[in-house]
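Report on the structure given below.
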Amino acid sequence: MTEPTTGPTTGPTAEPATAPTTGPTTAPTIWRPVLSRAAMLRHDPVRQADLLIVPERIVVLNEEAAAIVGLCDGERTVADIVAELPEGVEDDVVEFLDRVRAEGWLR
Amino acid sequence: MNAPWAMLAELTHACPLRCPYCSNPTELAARSSELSTGEWQRVFAESAALGVVHAHLSGGEPLLRPDLAAIVAAAAGEGVYTQLVTSGVGLTERRLGELAAAGLRSVQLSVQSATSAESDRIAGVASFAWKERAADAVAASGLPFGLNVVLHRENLDAVGEIIELGLAWGVERIELANTQFYGWGLLNRTALLPTREQLARAEATVTKYREKTDVELIWVIPDYFDGVPKPCMGGWGAISITVAPDGRVLPCPAAYALPLDLPNVRDHSIGWIWEHSPAFNAYRGTDWMGEPCASCPRKELDFGGCRCQAYALTGDASRTDPACRLSPDHHLLDDLAGGGTWTFRQPAPTVGGGPGSVRRPAPSAGGADRSAP
Numbered sequence: 478m479t480e481p482t483t484g485p486t487t488g489p490t491a492e493p494a495t496a497p498t499t500g501p502t503t504a505p506t507i508w509r510p511v512l513s514r515a516a517m518l519r520h521d522p523v524r525q526a527d528l529l530i531v532p533e534r535i536v537v538l539n540e541e542a543a544a545i546v547g548l549c550d551g552e553r554t555v556a557d558i559v560a561e562l563p564e565g566v567e568d569d570v571v572e573f574l575d576r577v578r579a580e581g582w583l584r
Numbered sequence: 010m011n012a013p014w015a016m017l018a019e020l021t022h023a024c025p026l027r028c029p030y031c032s033n034p035t036e037l038a039a040r041s042s043e044l045s046t047g048e049w050q051r052v053f054a055e056s057a058a059l060g061v062v063h064a065h066l067s068g069g070e071p072l073l074r075p076d077l078a079a080i081v082a083a084a085a086g087e088g089v090y091t092q093l094v095t096s097g098v099g100l101t102e103r104r105l106g107e108l109a110a111a112g113l114r115s116v117q118l119s120v121q122s123a124t125s126a127e128s129d130r131i132a133g134v135a136s137f138a139w140k141e142r143a144a145d146a147v148a149a150s151g152l153p154f155g156l157n158v159v160l161h162r163e164n165l166d167a168v169g170e171i172i173e174l175g176l177a178w179g180v181e182r183i184e185l186a187n188t189q190f191y192g193w194g195l196l197n198r199t200a201l202l203p204t205r206e207q208l209a210r211a212e213a214t215v216t217k218y219r220e221k222t223d224v225e226l227i228w229v230i231p232d233y234f235d236g237v238p239k240p241c242m243g244g245w246g247a248i249s250i251t252v253a254p255d256g257r258v259l260p261c262p263a264a265y266a267l268p269l270d271l272p273n274v275r276d277h278s279i280g281w282i283w284e285h286s287p288a289f290n291a292y293r294g295t296d297w298m299g300e301p302c303a304s305c306p307r308k309e310l311d312f313g314g315c316r317c318q319a320y321a322l323t324g325d326a327s328r329t330d331p332a333c334r335l336s337p338d339h340h341l342l343d344d345l346a347g348g349g350t351w352t353f354r355q356p357a358p359t360v361g362g363g364p365g366s367v368r369r370p371a372p373s374a375g376g377a378d379r380s381a382p
């Protein structure tokens, strides 16, 4: 059954920044993150929140996380996404994107 | 009061499968009573306005609704994420294409066991070939693909083979749902009840596969065995609504059996039903609880367990779920022994109904089965 989960609600800045040993930045082709077909990003006017909805879960995104996921259009590279966000968050953004990809919500 | 997040839309109770564990009510809603396309459109519009963002389109077999694509489109048009819950019977590549084009986001396919012979035996009808065909179609479509199997005495020993089947079909998620005893499942409880040894072996197999595969394996625990009740539906009237084929709205898909005056979308708005109907307020929150729940530190975690189970086993829906080891009724589960024969699910009568009425034989093809909440 579907249920709201806290998921990555804390967003990137609340997580310890650890550089991934493998991941998009070391992949042979440049990763241009895009939502997987399983995931739908939408604003919820009832709750004034941004949601990432997948087959069995609803993840409530905080403002930072929603901003990052909103930039994952399959065109922008990770570097492009970082460039559009406030300075100093690169490690956190990379880590966050990796985590969301590991969940299968980005590809 | 929080808004509901999710809806279980039981589009029809008709189903070509006859699974003895089905959680549909033993008095199935007749086809002639089903909501129209337009009524479902209104249900989705009102539900989305209230806060519903996710819907399981289920049944029965939802593919038996010829207007399923229009229903999917209605949900998608309101921004509601839809997952089809199907037996796969009737799910051709063409039908799936129509549904995907209408905005369907995900498919959950059921299977009854790992082999054609066993799956068909449990389903009570030849259906495995359809499931193979449906699996091919879903895998080819690129839609998120989950497999769902209800586990019981007759298939728990095959859980490894069932996982292998899912891997071969290319699924991303396998829901291994131990039978919960509602509806037809309660009727067949004795025949479905596994042994502790079976459960332990199956769980060990699942643990082993978790190390071998990235496919998500969801083990839905059997709630007669742990002494801890499930937090049913995340609380009564807290997260989810179930809409029945005939428009009745329930806080839980097993609540048909409760002595409640179930509200109907034909008489009331979804908003009124959620906020004001006596049925949705009957067991909301914790004020209704007696002991041992009222003073229990877990009351906000498991909400006293399942109201439907309390009613089915004790005759009083406000009692602690007997699945809880603290329940004074827990002994009701102690001496249950499994085994014996089962009664296959039968379709709703065309006219009239109720226990003892003459029932038609089952149809020969098509349909979805469901696990309990």
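Protein chains in written order, with the numbering used here: chain A, 478 to 584; chain B, 10 to 382.
Where is the CB? At the ideal position from N, CA and C, for every residue including glycine.
Check	Outcome
Are the CB atoms of valine 134/B and leucine 26/B nearer to each other than 8 Å?	yes
For lysine 221/B, does the count of other Cβ atoms within 10 angstroms reach 16, so buried, or fall short, so exposed?	exposed
Which chain A residues are close to alanine 12/B, counting only those with a beta carbon under 8 Å from its beta carbon?	Val523, Arg524
What residues from the segment 72–94 of chain B come within 8 Å of chain A, judged by C-beta to C-beta, listed N to C?	Gly88, Tyr90, Gln92
Between which residues of its own chain and leucine 345/B is the CB-CB distance below 8 Å, once the five residues before and five after are set aside?	Arg198, Thr199, Leu202, Tyr233
Which of the three DSSP states, helix, strand or coil, is assigned to asparagine 290/B?	helix
Compute the Euclidean distance between the alpha carbons of cysteine 549/A and arginine 509/A, then round it to the nearest angstrom.	7 Å
Out of Ala148/B, Ile248/B, Leu322/B, which one is the CA nearest neighbour of leucine 100/B?	Ala148/B
Relative to the C-alpha of glycine 547/A, which candidate in Glu580/A, Arg524/A, Val523/A, Leu528/A has its C-alpha closest?	Leu528/A
Count the other CB atoms, across all protein chains shown, that sit within 10 Å of the CB of arginine 275/B; report buried if there are 16 or more and exposed otherwise.	exposed
Could you have a look at valine 570/A and say whether DSSP puts it in helix, strand or coil?	helix
Between valine 52/B and chain A, is any beta-carbon pair separated by less than 8 Å?	no
For glycine 581/A versus alanine 515/A, is the C-beta distance shorter than 8 Å?	yes
Looking only at DSSP bridge pairs, what is tryptophan 228/B linked to?	Leu185/B
Where does aspartate 343/B land, buried or exposed, given buried means 16+ other C-beta within 10 angstroms?	exposed
Using 8 Å as the Cβ pair cut-off and three pairs as the minimum, do the segment 205–222 of chain B and the segment 253–271 of chain B touch?	no
Who does glutamine 529/A pair with in a DSSP beta bridge?	The residue you asked about is not glutamine; residue 529/A is leucine in the sequence shown. In the DSSP output, where bridge partners are listed per residue, leucine 529/A has Leu518/A, Val536/A.
Taking 8 Å as the threshold, find out whether the segment 107–127 of chain B comes into contact with the segment 78–86 of chain B through three or more Cβ pairs.	yes
What residue range is occupied by the uninterrupted beta strand (DSSP E) comprising glycine 155/B?	154–160
I'd like to confirm the pairing. Which residues does DSSP put opposite lysine 91/B in its beta bridges?	Looking at the sequence itself, residue 91/B is threonine, so the reference to lysine does not match. BP columns for threonine 91/B point to Ala64/B.
Does any residue of chain A bring its CB to less than 8 Å from the CB of histidine 63/B?	yes
Going by beta carbon distance, what residues of the same chain come within less than 6 Å of arginine 519/A, once the five residues before and after it are set aside?	Leu528
Can you tell me the Cα-Cα spacing of arginine 162/B and isoleucine 172/B, whole angstroms?	17 Å
Within 8 Å (strictly less), CB to CB, does serine 96/B reach chain A?	no
Any beta carbon from chain A within less than 8 Å of serine 115/B's own beta carbon?	yes
Helix, strand or coil for methionine 16/B? Go by DSSP, reduced to three states.	strand
Whose CA, out of Glu300/B, Ala15/B, Arg354/B, lies closest to the CA of tyrosine 191/B?	Arg354/B
Around the C-beta of alanine 504/A, are 16 or more other C-beta atoms found within 10 angstroms, so that it is buried, or is it exposed?	Its pLDDT being 48, under 50, alanine 504/A is placed unreliably in this model, and the value from its coordinates should be taken loosely. By the 10 Å Cβ count, alanine 504/A comes out exposed.
Please list, in chain order, the chain B residues whose beta carbon lies closer than 8 Å to that of proline 510/A.	By Cβ distance, chain B contributes nothing, its closest Cβ being about 18 Å from proline 510/A, past 8 Å.
Checking 8 Å against the spacing of the C-beta atoms, do glycine 299/B and serine 327/B come in under that value?	yes
Could you pull the DSSP bridge partners for isoleucine 172/B from this structure?	According to DSSP, which records beta bridges pairwise, isoleucine 172/B is partnered with nothing at all.
Please classify serine 96/B as buried or exposed, where buried requires at least 16 other C-beta atoms within 10 Å of its C-beta.	buried
With DSSP as the reference, label aspartate 550/A as helix, strand or coil.	strand
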